[in-house]
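Here the structure comes first, spelled out in C-alpha cells, and everything after it is commentary.
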Amino acid sequence: MEIRLRTVVCLTLTVWSFFCASHLVTAQDLPAMTDLDRYVHHDDGAYQWKVVSNQTGDAFSTAVIDMTSQKWLTEDKVNRTHWQHWITIAYPKKVRTNKAFLMIGGGSNRPNPPGAPDDMIVKIAEATGSVVAELKMVPNQPLIFHNDGKPRVEDDLIGYTWDQYIKTGDSSWLARNAMVKSAVKAMDTITAFMASETGGQQKVDQFVVAGGSKRGWTTWLTGAVDSRVVAICPIVIDVLNVHESMRHHFAVYGFWAPAVGNYVQHRIMERLEDPRLTDLYKLVDPYYYRHRLTIPKFVVNAAGDQFFLPDSSQFYWDDLKGPKYLRYVPNADHGLDGSDAIESIIAFYSLALTNQDGPEFSWTNEADGSIRVTTKTKPAEVRLWQATNPDARDFRLETLGPKYTSQVVDASEPGVYVGQVNDPEIGWTAYFLELTFDVGAPVPLKLTTNVRVTPNVVPFAEKNPSLPTSLTVAAKAKDQPSAEAVIKLVRQAFAVQGIDGDDLICRQDGEKCYFNWCPDVSEFEETAGALTKLLKDNGCQSISYQLESGRNVTTDAVDAVAVPGGN
Numbered sequence: 424m425e426i427r428l429r430t431v432v433c434l435t436l437t438v439w440s441f442f443c444a445s446h447l448v449t450a451q452d453l454p455a456m457t458d459l460d461r462y463v464h465h466d467d468g469a470y471q472w473k474v475v476s477n478q479t480g481d482a483f484s485t486a487v488i489d490m491t492s493q494k495w496l497t498e499d500k501v502n503r504t505h506w507q508h509w510i511t512i513a514y515p516k517k518v519r520t521n522k523a524f525l526m527i528g529g530g531s532n533r534p535n536p537p538g539a540p541d542d543m544i545v546k547i548a549e550a551t552g553s554v555v556a557e558l559k560m561v562p563n564q565p566l567i568f569h570n571d572g573k574p575r576v577e578d579d580l581i582g583y584t585w586d587q588y589i590k591t592g593d594s595s596w597l598a599r600n601a602m603v604k605s606a607v608k609a610m611d612t613i614t615a616f617m618a619s620e621t622g623g624q625q626k627v628d629q630f631v632v633a634g635g636s637k638r639g640w641t642t643w644l645t646g647a648v649d650s651r652v653v654a655i656c657p658i659v660i661d662v663l664n665v666h667e668s669m670r671h672h673f674a675v676y677g678f679w680a681p682a683v684g685n686y687v688q689h690r691i692m693e694r695l696e697d698p699r700l701t702d703l704y705k706l707v708d709p710y711y712y713r714h715r716l717t718i719p720k721f722v723v724n725a726a727g728d729q730f731f732l733p734d735s736s737q738f739y740w741d742d743l744k745g746p747k748y749l750r751y752v753p754n755a756d757h758g759l760d761g762s763d764a765i766e767s768i769i770a771f772y773s774l775a776l777t778n779q780d781g782p783e784f785s786w787t788n789e790a791d792g793s794i795r796v797t798t799k800t801k802p803a804e805v806r807l808w809q810a811t812n813p814d815a816r817d818f819r820l821e822t823l824g825p826k827y828t829s830q831v832v833d834a835s836e837p838g839v840y841v842g843q844v845n846d847p848e849i850g851w852t853a854y855f856l857e858l859t860f861d862v863g864a865p866v867p868l869k870l871t872t873n874v875r876v877t878p879n880v881v882p883f884a885e886k887n888p889s890l891p892t893s894l895t896v897a898a899k900a901k902d903q904p905s906a907e908a909v910i911k912l913v914r915q916a917f918a919v920q921g922i923d924g925d926d927l928i929c930r931q932d933g934e935k936c937y938f939n940w941c942p943d944v945s946e947f948e949e950t951a952g953a954l955t956k957l958l959k960d961n962g963c964q965s966i967s968y969q970l971e972s973g974r975n976v977t978t979d980a981v982d983a984v985a986v987p988g989g990n
C-alpha cells in the first residue's frame, strides 16, 4: 500500500483562534454546582482515620495516618470500593501559621504503612517551619472494573472511566471525582490530627495544595471546590482547555504521542466530537472552573514533557483569574528528574505562608516574534532559553534530548527585558524567558514566560485526528542499504505472524525506516516491544512510536510543510 504524504499550508493564527473560540464556555455558562461538587461534599459514611505511627524529634515530629476517604462505585463495577490512603506528616512542635502544605501523591495500594514521610516532605517542612503532609495512593490503584480481570493504574484507570462516562452519561464513573474527594478528606484529617493531643492541639485550617501530573489536575479541582485552599501549585499538567490542547497536540505531531496511549486505547481520541466528551470536560477540566480559581497559583510545567506540548499554555493562561505565576523547566520531561523545580515550589509556598505578594512582572508576545518582559520587581537574573529541532515541531526530551541552551539577557531599558530568536535554517525553535527572584525564602523563585515556537507553522493541521488507530514504529538504520535489509527482515518476521504485505506498510527515507500496521489496541506495547528488539538487534537506533489516526505513516514534519529550509 502506498501512502501519499499530504502537503499542508501554514495554519494562520486568525483561523486557529476562530476555531478555538468556537468551543469556549464562559463563566456565566457554568452552573453554580456541578456533579463534581455534589460528589465531593456528599457524606457517604465511609470516612475515617487513625494514627498508625508517630515519632517525636527535637524540632519536628512525624506521623503516619491511615485514612479511608470514601466509598466509590459499587462492587459490581469495581473490585475496591473503599479508598484507603496513607498520609504522612512532618510538623513542628509549635506551628507559627494556620497554613499547611498538602502534596497529593500517587503510588499503589499496599497493606503496610510507610515508615516515615519522604525526604521531600521533610525538606519542605524544615525550609518553611510549617506543617507539610503527603496524601498517597491517589487514585487508589490498581483497580479491576466489571470483573474483567485487568488491573488498571494511572491513565489506563482514568481512561477506562472516561469511556464509561461517554457510554453511559453517569458522572459517578469519573475517577477524578474520587481523586478530588481524597484530597478534601485529607485536609479534614490533617486539621483534626493537628487539633488532637498528638498533634499538639494546634490550629491548621488552610492549605497550599500541590501535585504532579494527574495529581496536578486534582490540585486544580481541589482548589475549585474547597475554600480552605488558599494557593495551588499544579505540576506538569499543561493541558487545561483539554479540547483545544489535545487537538493542538495532534496537529503538531501528526500522531498521538505514546504518553497518551491509554486514551487512544480507550478510543477517547476517536470520539473528540462526541457531545458526551464535551460534557465530561465541563465536569472535570479545570478550565471550566477558572472563574472560581482566583487564589494564587504557581503552574510548573516541563519544556520537554512527553505528554504536553511546550506552547500549550496559549490555550488557558490569559483566561486564568487572580495572581498567577508560570514556570517552564528546560531540559526536563514529565518527571522533572534532576531539575530544581522543588526549590521554586518551596519559594512559592514561603510567600503563601506569609501572605506576601509574588514578584510583579508581565510579558507580551510581540508581532516580530520577540518576548518582551516588563518588571516592577527587579530579578536577580534573566535568561533566554531556546532549543531547535531540525526535523519536527517536537521538543520532547525523549526525542530531542537535552537541547535547551541559555544566555543571560540584560535589560534593554530599566525594567524591560527582550528575548528574540531568529527562525532556524530548518525546523523549529522553542524559546522562553526565565526570571530568577530573591523573595526572602531559603531558595530562589524561578518564573518564566510562556513558550513560543518559531516559525509558528502547525504542520499537520488538516489531518483528521479521530480515525481508527494504527501504530507506526520509526527507526534509523546505519545507512540506506542497512535500512533496506531491515525492512526485508521485518516483512519476513511479520509474515511468520500472519501479517502480510497488505497489512504491513513499510516506508524508507534514506537510512530512516517506518513500519505501520493495526495491532489490537490492547497489544500496542507488546507488539511494538517485539519489533523494537528486532530493530535493535539489527543495529537500528532512534526508535520511536507513533499512534496514528488511520493508516498513515507520519514522517518528519519538515517533509510535510513548507518551512524555512524545509522541502
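According to this note's numbering, the sequence shown is numbered sequentially starting from 424.
Cβ coordinates follow ideal geometry from the N, Cα and C atoms, glycine included.
This structure is a prediction, so every number in the text was calculated from the model and none was measured.
Taking a 10 Å sphere around the C-beta of G850, we find 16 or more other C-beta atoms and assign the residue as buried. Residue environment analysis places T497 among the exposed positions, since fewer than 16 neighbouring C-beta atoms fall within 10 angstroms of its C-beta.
With 16 or more other Cβ atoms from the protein chains shown falling within 10 Å of its own Cβ, G781 counts as buried.
Within the DSSP secondary-structure output, F784 pairs in a beta bridge with T798. Annotation for D702: the continuous alpha helix (DSSP H) segment containing it runs 698-707. V659 is a Cβ neighbour of S636, given a cutoff of 8 Å. Considering only G824, R575, D571, the residue with the shortest C-alpha distance to Q564 is R575. Under DSSP, the beta-bridge partners assigned to H508 are M490. Approximately 37 Å separates the beta-carbon atoms of V627 and F568; this is outside 8 Å, ruling out the contact.
The straight-line gap separating the alpha-carbon atoms of Q809 and Y748 is approximately 20 Å. Annotated three-state conformation of L597 is coil, per DSSP.
If you check the CB distance, T504 and Y470 do not come in under 8 Å. With a 10 Å radius around the Cβ and a threshold of 16 neighbouring Cβ atoms, G582 comes out buried. Excluding its 5 nearest sequence neighbours in each direction, K935 has C-beta neighbours in its own chain below 6 Å: K899, listed in chain order. Straight-line spacing of the CA atoms in V648 and V844 works out to 42 Å.
E557 sits close to G528, with the two beta carbons spaced by under 8 Å.
Under the DSSP assignment, F860 falls in the beta strand (DSSP E) whose first and last residues are 851-860. R519 and G552 have their alpha carbons spaced roughly 8 Å apart. The C-beta distance from V839 to R795 rounds to 7 Å, short enough to meet the 8 Å contact threshold. Counting only the Cα atoms, D708 lies some 30 Å from D489.
For V555, there is no enclosing alpha helix (DSSP H); the enclosing beta strand (DSSP E) covers residues 554-558. Cβ atoms of W585 and I718 stay farther apart than 8 Å, at about 28 Å.
Secondary structure note for W808: its beta strand (DSSP E) is the uninterrupted segment 804-812. Going by C-alpha positions, W495 is about 31 Å away from Y739.
When the beta-carbon positions are compared, L890 and V687 stay at least 8 Å from each other. Note that the C-beta distance between C656 and A633 is below 8 Å. In this model, W640 and Y711 are separated by some 13 Å (Cα to Cα). Assigned with DSSP and collapsed to three states, K522 falls in strand.
DSSP places T977 in no alpha helix (DSSP H); its state is neither H nor E. Within the same chain, and ignoring the five residues on either side of G761 in sequence, the residues whose Cβ sits closer than 8 Å to its Cβ are A755. F818 and W940 have their C-alpha atoms some 26 Å from each other.
Take S668, set aside five residues on each side of it, and the residues of its chain with a beta-carbon closer than 6 Å to its own are V662, S735, F738, in chain order. DSSP places P878 in no alpha helix (DSSP H); its state is neither H nor E.
Excluding its 5 nearest sequence neighbours in each direction, Q903 has C-beta neighbours in its own chain below 7 Å: G933, E934, listed in chain order. Under the DSSP assignment, Y739 falls outside any beta strand (DSSP E); it carries neither an H nor an E label. Secondary structure of E620 (DSSP, three-state): coil.
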